[in-house]
Amino acid sequence: MTLRRAVLSASILLVVSFVGTAAAAPPNVLLLFTDDHAAHAMSCYGSKVNKTPHLDRIAQEGMRFEHCYVGNSLCGPSRATILTGKHSHKNGFKKNGDRFDGSQMTFPKLLQQAGYQTAMIGKWHLESDPTGFDHWEVLVGQGPYYNPPMIRNGERVKHEGYTTEIIGDLTQQWLDRRDPNKPFLLMTQHKAPHREWQPGPRYFDMYKDEEIPEPATLFDDYGGRASPARTQTLSIAREMNDLDLKLVPPKNLTPEQLKLWHAAYDAENEAFHKANLQGSELVRWKYQRYMKDYLRCVAAVDDQVGRVLDYLDRNDLTKNTVVIYASDQGFFLGDHGWFDKRFMYEECYKTPFLVRWPGVTHPGTVNRDLVSNLDFAQTILDIAGAKADPEMQGLSLVPLLKGATPKDWRKSLYYHYYEFPAVHSVQRHYGVKTTRYKLLYFYHLGEWELFDLERDPHELHSVYNDPGYAQVQQELIGELQRLREEYQVPEDPKPVDPPPGAARKKKKAA
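Residue numbers for the sequence shown, in the numbering used here: 7 to 516.
As C-alpha cells, then:
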C-alpha cells in the first residue's frame, strides 16, 4: 500500500469513527409535565374547546399516543409512579398526603449513574425533598398561581409573578447554565391547569366573548351505574366555590395584580349577581366560568412549551433532545357534570402523551396500543441506553416509538384508586381495561360496573350482570385477578371511620 493510500484510509477510518461516536451520543430528555390537563383540551387530540398549537407541534414532529392511561388518577400518586415505574402499592404513595420515600430507586437516579445531569423544576407535590437531581427548584406543596415561594436545593426562595411563566423562566435559566458536555434530563412540571384555575393577566380576555361548547353529558343523571357515581362530590352544580368561580380574588396577589384581577372580573361578577340564575342556567354559567379559566391556564402552558421548543431550536439542541409531554392524569371538563378526576372513567383516566424523538420516531404518527404512565421510567431509561431497575413494573415504549409493536404487547391495564374517605368522596376502586371493555370494582361496597366502550363511549350504562355480556364479564374478572397477582397487589382493608371533626383538621388535598 502506498503512503498516500495509507493516509487516506486512516483518514476515512477517523471520519467514520467520529461519525459513529457522534451518532451514539446519548440523547437529552426534556419531560414537560402538567397537572390535570385533559387530553380533550388539546387540539391534537381533537379538542372542541381550544387550540394548543405548540403542544400540537410535538405531536406533528413525533408520536401521539391515543391510549395512554394512568394507574391511579391523582396528582401525587401519578408522579410517584412516573419516577419509580411502580404501581402505588409498590412505591408507597397511594394518596395525596402520603410522603414519598426518596431512598427508593427512581429513573433520575439511574440516569445520574449513567452520566446524565438531572434537574427538576416546578411542581413536585410528594412531601419529601426531591432526590436523584443535581438541581431542583420546586413549589411548596400545591403552590399558588401567583408569587410562589419555592425550595431551591433545600433553600426557600420567593418569586413574584405568574407561576407558569416563572417555571418557564427557571427552565431556560437552567438550560443556559447546564454543562454542555453532558447529556441532561430536565423535568419541567407546571402547576397549571390545576384548581382553582387562575389565569395570568395576559390571558384574562381570552374566550371573553366566546361560548365554550358543552359536553354531551353535562346533565348526566347517573342512572345505569353503581352508587359511587351519585355519591361523589365533584359536581359543578354543587361543589364549586366562590374562589373557583372568581367571585372573590385570591389572597396572595400584589396590589398591581389585584387591580388587574378586578378589572377582569368585577363587571362579570356584577352581571352574574343581577341575573340571579337558577337550575340549569346556573350550571351552564358555572361551566362557562370554569372552562374559560381552565383553558386560559392551558394556553399559558402551551405558550411556555413553545418557548422551550424555540430555545432548543436556537441552541442547536433539537436534533439530540427527546421531548416528552404528559399530564399526571386527565380531568372532567364538565363531563358527567363534574370537574376533578379520581374515577376510572375515560375523561380523567386517560392522559395526554406525546413524544418527539428526532431521527427515530416518524413525525406525525399515532400509536393506539395500550400504554401507561407506569411505562415512562423504563422508556426514558431505554432511550438513554441505561438499565432499568428490576423492581420496575412497566414496559419500555421504545419499540412503539420505532414503529413496531411487539407481538406479545399487553392487552389490558390495571387501575387502583385509594383516597377515600377524603375530598370529593370518590369510593376506592380497582379495575381492568382492554381496548374495548372496562371493568370497575368498588370493593368496599361490593359494587361492579362493566362498560362496552365501543357501544357506550361515555360510560353511561353498565352492562354488569347483563346476560349478553356474561362471557366478557367472566373473562375480565379473570384478567383482573391475573393482573393483581402479577403486580402483587395486597388487599386494601376498609379504613376505620375517623372521629367526628377529624376531617376538618386534614390539610387541603390536591
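In this text, a Cβ means the ideal position worked out from N, Cα and C, and glycines have one as well.
Is LEU360 near ALA65, with beta carbons less than 8 Å apart? Going by C-beta atoms, LEU360 is nearer than 8 Å to ALA65.
Hey, LYS439 and TYR75: beta-carbon distance below 8 Å or not? At the C-beta level, LYS439 and TYR75 come within 8 Å of one another.
Backbone CA spacing between ALA390 and PHE190 [nearest angstrom]: C-alpha of ALA390 to C-alpha of PHE190: approximately 10 Å in a straight line.
What's the gap between the Cα of SER53 and the Cα of GLY229? So the two alpha carbons sit approximately 27 Å from each other.
Alpha carbons only, please: which of PRO405, ASP42, ASN373 and ASP375 is nearest the one belonging to ILE1? In the structure displayed, the chain extends from 7 to 516; residue 1 sits before or after that span and is not available.
Buried or exposed: where does TRP363 fall if 16 or more other Cβ atoms within 10 Å of its Cβ makes it buried? Taking all protein chains in view, the Cβ of TRP363 is crowded by 16 or more other Cβ atoms within 10 Å, so the residue is classified as buried.
Keeping to the same chain, check which residues put their C-beta closer than 7 Å to that of ASP319; ignore five residues upstream and five downstream. No residues qualify anywhere along the chain.
Which of helix, strand or coil does DSSP assign to GLY474? For GLY474, the secondary structure class from DSSP, reduced to helix, strand or coil, is helix.
Mapping the DSSP letters down to three states, classify HIS422 as helix, strand or coil. Correct three-state label for HIS422: strand.
Grab the span of the beta strand (DSSP E) containing SER79 for me, first residue to last. Counting along the chain, SER79 falls outside any beta strand (DSSP E), and DSSP gives it neither H nor E.
With 16 as the cutoff for other CB atoms within 10 Å, does ARG374 come out buried or exposed? Its Cβ having fewer than 16 others within 10 Å, ARG374 is exposed.
Using a Cβ-Cβ cutoff of less than 8 Å, which residues in the same chain neighbour GLU67 once the five nearest sequence positions on both sides are dropped? Within the same chain, GLU67 has close Cβ partners ARG362, PRO364, PRO369 and GLY370.
Under 8 Å Cβ to Cβ from ASP381, same chain only, skipping five residues before and after it: list those, please. Result list for ASP381: GLY91, GLY400, LEU401, SER402 and LEU403, in chain order.
Between VAL432 and GLY121, what straight-line distance do the alpha-carbon atoms span, to the nearest angstrom? VAL432 and GLY121: Cα-Cα distance of roughly 43 Å.
Quick one: is ASP62 buried, meaning 16 or more other Cβ sit within 10 Å of its Cβ, or exposed? Around the CB of ASP62, 16 or more other CB atoms lie within 10 Å, so the residue is classed as buried.
Are HIS141 and TRP203 closer than 8 Å when you measure CB to CB? Taking 8 Å as the Cβ cut-off, HIS141 and TRP203 do not qualify as a contacting pair.
From the DSSP output, read off the bridge partner residues of GLY123. Here residue 123 turns out to be Gln, not Gly, going by the sequence shown. Answer is PHE190, bridged to GLN123.
N- and C-terminal bounds of the alpha helix (DSSP H) containing SER286: Judged by DSSP secondary structure, SER286 falls within the alpha helix (DSSP H) whose first and last residues are 285-320.
Tell me the residue span of the beta strand (DSSP E) that contains TYR443. In the DSSP annotation of this structure, the continuous segment of the beta strand (DSSP E) that includes TYR443 starts and ends at 443-448.
Okay, do the stretch 338-352 and the stretch 292-305 touch, 3+ Cβ pairs below 8 Å being the bar? Verdict: yes, contact present.
Residue environment, ARG348, which counts as buried when at least 16 other CB atoms sit within 10 Å: The residue is buried, with at least 16 neighbouring Cβ atoms inside 10 Å.
Using 7 Å as the cut-off, classify the Cβ of ARG184 as near or not near the heavy atoms of the ligand GTP, replying yes or no. The model on display carries no ligand, and the ligand GTP is accordingly not part of it.
Three-state secondary structure (DSSP) at VAL329? Three-state result, VAL329: strand.
CA-CA distance, GLY474 and LYS444? Between the alpha carbons of GLY474 and LYS444 lies a distance of about 15 Å.
By the 10 Å Cβ neighbour count, where 16 or more other Cβ atoms means buried, how is ASP215 classified, buried or exposed? Exposed, because fewer than 16 other Cβ atoms sit within 10 Å of the Cβ of ASP215.
Helix, strand or coil, according to DSSP, for GLY206 in the structure here? In the structure shown, the three-state DSSP call for GLY206 is coil.
Report yes or no: do three or more beta-carbon pairs, one from the stretch 247-261 and one from the stretch 491-504, lie closer than 8 Å? Result no; under three Cβ-Cβ pairs closer than 8 Å.
Confirm, please, whether the CB-CB distance from LEU446 to GLY437 is below 8 Å. The answer is yes: Cβ separation under 8 Å.
Rounded to whole angstroms, what is the Cα-Cα separation between HIS422 and HIS430? Between the alpha carbons of HIS422 and HIS430 lies a distance of about 16 Å.
With three or more C-beta pairs closer than 8 Å as the rule, is the stretch 308-327 touching the stretch 219-229? By the C-beta criterion, the stretch 219-229 is judged not to be in contact with the stretch 308-327, since fewer than 3 inter-stretch pairs fall below 8 Å.
Below 8 Å between beta carbons: does that hold for ALA125 and PHE106? In this structure, PHE106 does not lie closer than 8 Å to ALA125 by Cβ.
What do you reckon, are the CB atoms on ALA383 and LEU89 nearer than 8 Å? Yes, Cβ-Cβ distance for ALA383 and LEU89 is below 8 Å.
Quick one: any contact between the stretch 234-242 and the stretch 130-137, if contact means 3 or more CB pairs under 8 Å? Note that the stretch 234-242 does not touch the stretch 130-137; fewer than 3 beta-carbon pairs, one per stretch, sit closer than 8 Å.
Could you compute how far the alpha carbon of PRO247 sits from the alpha carbon of PRO255? First, the amino acid is wrong: residue 247 is Asn here, not Pro. Distance between the alpha carbons of ASN247 and PRO255 is about 12 Å.
Just how far apart, CA to CA, sit CYS81 and LEU176? LEU176 has its alpha-carbon roughly 22 Å from the corresponding atom of CYS81.
Per-residue burial, GLN479 [other beta carbons within 10 Å of its own, 16 or more giving buried]: GLN479 is buried by the Cβ-count criterion.
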